[in-house]
Structures are given as structure tokens and as C-alpha cells.
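One structure is given below, encoded as C-alpha cells.
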Amino acid sequence: MPKSLVIVESPTKAKTISRFLDGQYKVEASFGHIRDLPTSKMGIDIEHDFEPTYLVPPKAKKKIAELKKLAKDAPEIILATDEDREGEAIAWHLIQALGLENPKSQIPNPKIKRIAFHEITKSAIEEALKNPRELDLHLVDAQQARRVLDRLVGYELSPFLWKKVKRGLSAGRVQSVAVRLIVEREKEIQKFKPEEYWSIIATFHKDSNFLGKLAKVDGKNLDKLAIKNEIQAKKILSDLASYPAQVVEVNKKEVKRTPAAPFITSTMQQEAARKLGFSAKQTMMYAQQLYEGVELGEDEATGLITYMRTDSVNLSDFALQSAKSAISQRYGKDYLLDRPRQFASKSKNAQEAHEAIRPTDLTRDPESIKQYLDRNQYRLYELIWKRTIATQMPEALFDATSVDTEISAKGGPASGGKEKAYIFRSTGQIIKFDGFMKVYLEGKDEENGEEEEEGLLPQLNKGDKPKVVKILPKQHFTQPPPRFTDASLIKTMEEYGIGRPSTYAPTISTIQDRDYVHKIDKKFHPSEMGFIVNDILVEHFPKIVDYQFTAGMEESLDEIAAGNKQWVPVIKEFYSPFHENLKQKETTVEKHVETLDEKCPDSGHPLVIKFGRFGKFIACSNYPECKFTRPMPEEQKIIDENKGEVCDKCGRPMAVKFGRFGSFLGCTGYPECKNIKKIEKTTGVACPVCGEGELVERRSKRGIFYSCSRYPKCKFSLPTKPTGEKCPKSGDLLIFAKDGVIKCSNKDCDFTKE
């Protein structure tokens, strides 16, 4: 008897789902998109409503043939791709590529069923099969609109950059805006001039020592920069010499702290970066593995978390009940809420995935499944579990105390002989009830200011006269804004409305792959080419890199997905002015060159800096008549000395330098110190042997290979780039073979996919 055909994207997902279904179903994987725009041309018919041309790649044709054969005899075809726009588009492409519907007919094929689910568990799959729905063409249109928009920008703007700057450059609708954020932050840092300021810290004693910071003088609050130099600080100190102190005010209040909302895609990526050191790409890779299914013992595979591309903070009734059971069993009744805590979404238009990222079963605590997960899968699962549990626990309660201690000074030089009241403020908190903090505390991004220190305070009352132990000045300098990390860049993109859950990680990977930015010490530094391309786009194509315009386009795509807008008019409105501007700029914008104050020794024309295959070089401006060239003198861009990398041989700061084979870290003490280090291009894939390092790109005489960043402590390596996925047969990493096929890295395993 023919079996019903269930089609999903990946073999891992297919393997997990097949465990939940009986023998009347056959589950097959499409291996992602089976049709896409051509690679050799734009593939968009601009004259006919931007009609895209989709092609089946040669390597996918065999899979199409297999699926067609199975679909022909199947009593029903169940499309079980992911629930978001991308998944809906894959389902639509499957219908078209397999010839399941007549394009000219308005009558849907009754054999086709679309099912969607938030999690890959037996109950979720069974429920989805009971409630199939029709394909949502609004979601398909939104995905197609994004694809067409990105293709138009990339295919028209990238050749412009080839002509005006250097071949091989690319521009993208979202990636260029992300580069702008990083470049503009770097320009702020470069322009920043540190400003000196001082604070006065007193140590008092009553039962125990406590600290106070000078906060007021004669009733006037001191701002951060009020004491500008050491001379002013010492004048105040001379006023305060030998005078007694008295507590003049004590304020106590109860402070409540509420847990953060359940994870959405962006907050999961941010917290995984802060707490686990994961890149956005790594986070999504491990989340995908947890979502698609992990084997928990013999013949038991299940999805461990819900769908990981979402901007909804909702938790289902089942999840809330599951959390309550887990909290009761693990922490007791004192840590239960009277009623479930609900969170409001910050997103204006939370997308199609309608639940937050959470464990599929909260009673399955991290320790109970640790043996079945690799190190990084476990760390991410634990983070998601703790965050979700914390959302349904009580607030943390603190007793917050603020104490003002006055020293009245008379006759000193700072007071001009008059009495002045100097108020020192001490603050402290005592936890009364830890609440959700027993499980989880949200991480913080680096800030450019100094945090006020809070400590334990002794019991103090108004009128107490603590002993003045010492009063010391402390020098400070204002700090530049911090460079972006994965966490802070995603947070900023989200605040601006740039991108959506599915685009944050690919955008950040792309701008690194294109060498527009480098990640050094987990912070993004724009490359010289990043500066050049950004400045050209900002000057000549301001809309493309405008934050509000990009956010507005994302909102239009949301409107298409909701069925409130048609996709073709949205594209038309964008394309016409963009294309007209591009045509004009092609004739008016000169090729980017940097002219030197030096003449060519052969022709006498000015020398210029150009970009070639191996980076910058000096050439004659009269090329091609004069072919004089010479290499660039060594140049360097020093990393922030306080927060950058330090030479492990001489202690001087390292700098980004540029050579024939790209950028590298070199000691600024050259030529006395010739220490160099590679700027490693990470794949975002954890080493499967040690679990602590990442697989990074390296070069040898035989070419590029990939090995553990902890070499020589760990010597694991691969001949080609890993995909980040695990082989469904052997469990080893999958790699990109030289012929473009994806295969298992285990030589004894024959698994391959297109």
C-alpha cells in the first residue's frame, strides 16, 4: 500500500519526525531550497513585474526525481517545512518543482497538505497532522519580495563598486547598513578625546569600614566631570583634613527586580554571546541541532527546544504548566507564582512563529540529558532552560540603602575661608529574597562609563558619627563608546528595526566573509575597505544605508506577510528611484583613488594608491600609458591599547597590518620586535574533539584547511570548510567537498548531500 509522503528540509529533522510516525508515512528531506535564482545572471524580469526565474541546481535534480516518483503514488503529500516565511517558501517551491499543481488552475490539489508546528515532539507532530492548513501565499510573497529586493541591490550596486573601487566587492541591502553601524562607531572612537576628571572617595568606620563618594558640596550635586584635575582634587582634600563626619540622611526602600522575558531569536543570540562567547552563527547552529532532534538513549529522539527563529515572547499553556511543575519539584513552593507571568512583545509586528524559544519539556532539566549532548549543545540548552524557568519565578527583593555622610570644613583654600558642607554618599543592597535570581541573571553589554560600586553597609542611623579613616582622590578619564560585539550589534540592529530573526546571524557572517569588518578580541573593527565602501554608499546611495529607510522596508515586508500589501508595488516603489540614481552615479562618480604628494619617477604624473588582488599598491595615475608600480610601505592600524591585543613577547600593543595575503597582527615595536599573529577567520563551528576551541581557517603550502583554534593543545583538523551540521549517519561533522557536494568528514562514512 502506498505511503503518505512527508517532506521536510533536513535529514536530521526527517529522522526525528519519522520516529513519531507509524508505517503509513514516509519522511523525506528536500535538503533545503530545491530552487533558487540563477547564479550567472540576475534572474529578475524587471519589465514584467519583477518576475523571478527560478532554477533547479544540477545537483538537486536527482532529489527532485526521487520526490516526484514518491509523490506520484502517495495518497497525500504533507509539507512539513519550518513555520516561518523561509519554510513556507520552501513548501511552495516544492509544489512547483514537483509539478504538484497546475499553474493555470485555481483549484488546489487535494493531495497536498501543509502542516506547521513550533516543536518537533510526538505530541506536536500528531496535533499538526490533525490540523493541516492551506499554504500561506502571503508568507511566500514576503520571502520572495525580500529575495528579489536583495538580488536587485546586490546585482546592480556590486558592479558599480567593482568599477569605482575594486573588483570582487559586494553591497547588500541589510549588510551595508550593518557595516555603516560599525564604521560610524569606529569614527566616533577615532574622534573621541579623553577628558580627565577626579572623584573623592572617603573610607568611614562604624562597626566596619564603608566607602562614600563625594556627591554634593553645599547642597549642590556634583556632576561626573565637576572635579577636572588633580589640583582641584587636592584643594578639596586640604579642606577636609581633620574634620569629623556625621550621618545626615539614611534612606531605605524595598527594591523589586523582575526577570527578563523568555528568549526570542535576538535575545538568545545576545545572551549566548555575552555568557557563552558564541557568535550569532554558532548560536543558531546549536539551536538548530537542539530543535531538529537529539537522540536521548536508544531509539528515543526528540526536539529539545521550540523553533528558534521567532520574535514572540509568548509561552503556551503547556509550557507554563511544565515550568510550574519543574519549579515546584526543584525549588519548592516559595518559588512559585500565584499566576503565570505574561510578557508583552517589543516587536511592532511579531512574525509568524507564535511562541518564544523554550525547552519542549521543562521538566527535562539540563543535567538529566547532559550525557547525550555535546558541550556547546548542553551550554545553550542550559541557558534556554534557565531563562525560561526564571520567567515564571517570583521577583527578587532587595533592601536598598543610601547613606549621606557630611563633613563640614572650615577655612580651607577650596572654601575661601568659609564653612562648606561636603556630602559623601554610600549605597548598598541586601538581598531579602533571591526569587528568579536563584536560577538566572541577565548578562550586560560593555558600557563606556564606570559603574557605581555598591557594597555592604553597617547599620547606620541619622546622627551617627563614623570615624574618617582616609580620604583619597581617584583619577579617571572618560571612555570612548565601546566597539560592537555580536550581542551589542544585534541589539542595536533590533532597536533600529534593521533585519528580522532570520537575518541577524547571516548578516554578521556576510560582512566578515566580505572582509568589511574583522573580529578582534570579540569586537568588530572595520577594515580599510569597509571604510571606503561605506563612505561611497553614504555619499552617493544614502537611502540604501539609511537606518529608517531600511527599517521601513522591513515593515513593508511584514505588511506583505500579513496580507496588507502586495509585493510588486513595494518593489516598484523602491526600484525606480534606486535605478535612476545608479545610472546617474555611474557617469558622475570618479574611480576611487588616493593621490600622493609624489610624482611618478618614469612619467612625472602624480602617484596614486590602488587596490589589487593582494591589497593596496602604488601606481602611476597615467596608467595604462605608464605601468610604473611599487609596493606600499608597511602600514598599521593600532588596536585600542587598553582593550586590544598585547604582544606576548615585548608587551607593546599589537596592530592590524596588511600584507600580500591579507591582514595580520604585528607588534608595534617592529623592527625591534618581529612578533606576528594571524587574524583567524573563524567558522563559528566548535571543535568536535575538545569542545572548547573553534574551527578556524588556516593556510599551509597545500592550501587552505581548517583546524582547532587551540592548536597545538588540540590538533583536530579538516581538509575543507565544515558546514556546522552533523552527519545523520555517523554523527561526525559535515564538510563542503571540493566539487560543491556536502559530505561526511568521516572517511569511512559514505553520506553525501547536494
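Counting with this note's numbering, you get residues 259 to 1012 for the letters of the sequence shown.
Glycine is no exception: its CB is placed at the ideal position from the N, C-alpha and C atoms.
Rounded straight-line distance, which links the Cα of residue 496 to that of residue 683:
The count along the sequence shown starts at 1 and reaches residue 683 at position 425. The count along the sequence shown starts at 1 and reaches residue 496 at position 238. If you take the alpha carbons of residue 683 and residue 496, they lie about 20 Å apart.
Span separating the alpha-carbon of residue 988 from that of residue 961:
Along the sequence shown, one-based indexing puts residue 988 at 730. Along the sequence shown, one-based indexing puts residue 961 at 703. So the alpha carbons of these two residues sit roughly 27 Å apart.
Closer than 7 Å to a non-hydrogen atom of the ligand PLP - does that hold for the CB of residue 730?
This structure lacks the ligand PLP, and indeed carries no ligand of any kind.
Rounded to whole angstroms, what is the Cα-Cα separation between residue 1029 and residue 647?
Residue 1029 falls outside the range modelled here, since the chain spans only 259 to 1012, and no answer is possible.
Taking the straight line between their C-alpha atoms, what separation do you get for residue 537 and residue 825?
Residue numbering aside, residue 537 sits at position 279 when the sequence shown is read from its first letter. Residue numbering aside, residue 825 sits at position 567 when the sequence shown is read from its first letter. One C-alpha to the other measures close to 33 Å.
Is residue 934 close to chain D, meaning its C-beta is less than 8 Å from at least one C-beta of that chain?
Absence of chain D from the displayed structure is noted, only one protein chain being present.
Quick check: what's the CA-CA separation for residue 775 versus residue 613?
Stepping through the sequence shown from its first residue, residue 775 is reached at position 517. Stepping through the sequence shown from its first residue, residue 613 is reached at position 355. Going from the Cα of residue 775 to the Cα of residue 613 covers about 34 Å.
DSSP state of residue 659, grouped into three classes?
The residue given as residue 659 occupies position 401 in the sequence shown. Here residue 659 sits in strand by DSSP.
Can you give the Cα-Cα distance for residue 502 and residue 485, rounded to whole angstroms?
As a first step, residue 502 is located in the sequence shown; it is residue number 244 there, counting from the start. As a first step, residue 485 is located in the sequence shown; it is residue number 227 there, counting from the start. Rounded to the nearest angstrom, the two C-alpha atoms are 23 Å apart.
Please classify residue 1001 as buried or exposed, where buried requires at least 16 neighbouring CB atoms within 10 angstroms.
Numbered from 1 along the sequence shown, position 743 holds the residue referred to as residue 1001. Residue 1001 comes out buried.
Nearest-angstrom Cα separation, counted from residue 270 out to residue 984:
Against the sequence shown, residue 984 aligns to sequence position 726. Against the sequence shown, residue 270 aligns to sequence position 12. Cα to Cα, residue 984 sits roughly 8 Å from residue 270.
Status (buried if at least 16 other CB within 10 Å, exposed otherwise) for residue 395
Within the sequence shown, numbered from 1, the residue matching residue 395 stands at position 137. Exposed, since its Cβ has fewer than 16 Cβ neighbours within 10 Å.
Grab me the residues of residue 847's own chain with a C-beta within less than 7 Å of its C-beta, minus the 5 sequence neighbours each way, in chain order.
Residue 847 sits at position 589 when you count from the first residue of the sequence shown. Once the five neighbours on either side are set aside, the close Cβ partners of residue 847 are 422, 798.
So the alpha helix (DSSP H) residue 832 belongs to, where does it begin and stop?
In the sequence shown, the residue the question calls residue 832 occupies position 574. From DSSP, the alpha helix (DSSP H) with residue 832 extends over 825 to 846.
Closest to residue 604 by C-alpha separation, out of 326, 749, 949, would be which residue?
Along the sequence shown, one-based indexing puts residue 604 at 346. It is 749.
Distance CB(residue 1003)-CB(residue 976) smaller than 8 Å
As a working note, residue 1003 is residue 745 in the sequence shown. As a working note, residue 976 is residue 718 in the sequence shown. Yes. Within cutoff.
When DSSP builds the beta bridges, which residues end up paired with residue 456?
Indexing the sequence shown from 1 puts residue 456 at position 198. Residue 456 is bridged to 733.
Return the CA-CA distance between residue 946 and residue 991, expressed in angstroms with no decimal places.
For the purposes of this step, residue 946 is identified with residue 688 of the sequence shown, where counting begins at 1. For the purposes of this step, residue 991 is identified with residue 733 of the sequence shown, where counting begins at 1. Taking the straight line from one Cα to the other gives about 8 Å.
Span separating the alpha-carbon of residue 923 from that of residue 934
Within the sequence shown, the letter at position 665 stands for residue 923. Within the sequence shown, the letter at position 676 stands for residue 934. If I take the Cα positions, the gap works out to 6 Å.
Where the alpha helix (DSSP H) through residue 491 begins and ends:
In the sequence shown, residue 491 corresponds to position 233, counting from 1. Counting along the chain, the alpha helix (DSSP H) containing residue 491 begins and ends at 488 to 498.
Spatial neighbours of residue 817 within its chain, please: CB distance less than 6 Å, with the 5 preceding and 5 following residues excluded, ordered by chain position.
Position 559 of the sequence shown, counted from the start, is the residue given in the question as residue 817. Around residue 817: 823.
DSSP state of residue 897, grouped into three classes?
For this step, residue 897 is matched to residue 639 along the sequence shown. Residue placement at residue 897 cannot be trusted, given a pLDDT of 49 that sits under 50; the coordinates are not used to answer.
So residue 540 packs on residue 769, CB below 8 Å; how close in whole Å?
What you label residue 540 is simply residue 282 of the sequence shown in a count that begins at 1. What you label residue 769 is simply residue 511 of the sequence shown in a count that begins at 1. Not really, about 16 Å apart at Cβ, beyond 8 Å.
What residue from 524, 679, 720, 973 has the CA that sits closest to residue 761's CA?
Locating residue 761 in the sequence shown gives position 503, where the first residue counts as 1. When each option's Cα is compared against that of residue 761, the closest is 524.
Quick test of your reading: residue 716 and residue 466, contact by CB under 8 Å. State the CB separation rounded to the nearest angstrom.
Numbered from its first residue, the sequence shown carries residue 716 at position 458. Numbered from its first residue, the sequence shown carries residue 466 at position 208. With a Cβ gap of about 5 Å, residue 716 and residue 466 count as contacting.
Less than 7 Å between C-beta atoms, sequence neighbours within five positions excluded: which residues of the same chain meet that for residue 636?
Stepping through the sequence shown from its first residue, residue 636 is reached at position 378. Contacts found: 624, 628.
Which stretch, first to last residue, makes up the beta strand (DSSP E) that contains residue 562?
Position 304 of the sequence shown holds residue 562. From DSSP, residue 562 is part of no beta strand (DSSP E); its letter is neither H nor E.
Using the three-state DSSP reduction, which class does residue 351 fall into: helix, strand or coil?
Here residue 351 refers to the residue found at position 93 of the sequence shown. It is helical.
Would you kindly report the start and end of the unbroken beta strand (DSSP E) that includes residue 980?
Within the sequence shown, the letter at position 722 stands for residue 980. First-last of the beta strand (DSSP E) with residue 980: 980 to 984.
Taking all protein chains shown into account, do 16 or more other C-beta atoms lie within 10 angstroms of the C-beta of residue 849, making it buried, or fewer, making it exposed?
Residue numbering aside, residue 849 sits at position 591 when the sequence shown is read from its first letter. Classification for residue 849: exposed.
Between the segment 722 to 742 and the segment 457 to 476, do three or more beta carbon pairs fall short of 8 Å?
yes
Would you report the Cα separation of residue 276 and residue 979, rounded to the nearest angstrom?
Here the question's residue 276 lines up with position 18 in the sequence shown. Here the question's residue 979 lines up with position 721 in the sequence shown. Rounded to whole angstroms, residue 276 to residue 979 spans 30 Å at the Cα level.
Top-ranked residue by Cα proximity to residue 411, from 543, 829, 869, 456
On the sequence shown, residue 411 is found 153 positions in, with the first residue counted as 1. Closest by alpha carbon: 829.
Tell whether a beta-carbon distance below 8 Å holds between residue 512 and residue 657.
As a position in the sequence shown, residue 512 is number 254, starting the count at 1. As a position in the sequence shown, residue 657 is number 399, starting the count at 1. In contact: residue 512 and residue 657 (Cβ atoms closer than 8 Å).
By Cβ distance below 8 Å, which residues in the same chain neighbour residue 289 in space, the five residues on each side in sequence not counted?
Position 31 of the sequence shown holds residue 289. Only 267, 268, 269, 318, 321, 1011, 1012 meet the Cβ criterion.
Contact defined as beta carbons within less than 8 Å: I believe residue 517 pairs with residue 694. What is the distance between those atoms, to the nearest angstrom?
Residue numbering aside, residue 517 sits at position 259 when the sequence shown is read from its first letter. Residue numbering aside, residue 694 sits at position 436 when the sequence shown is read from its first letter. 4 Å between Cβ atoms; contact.
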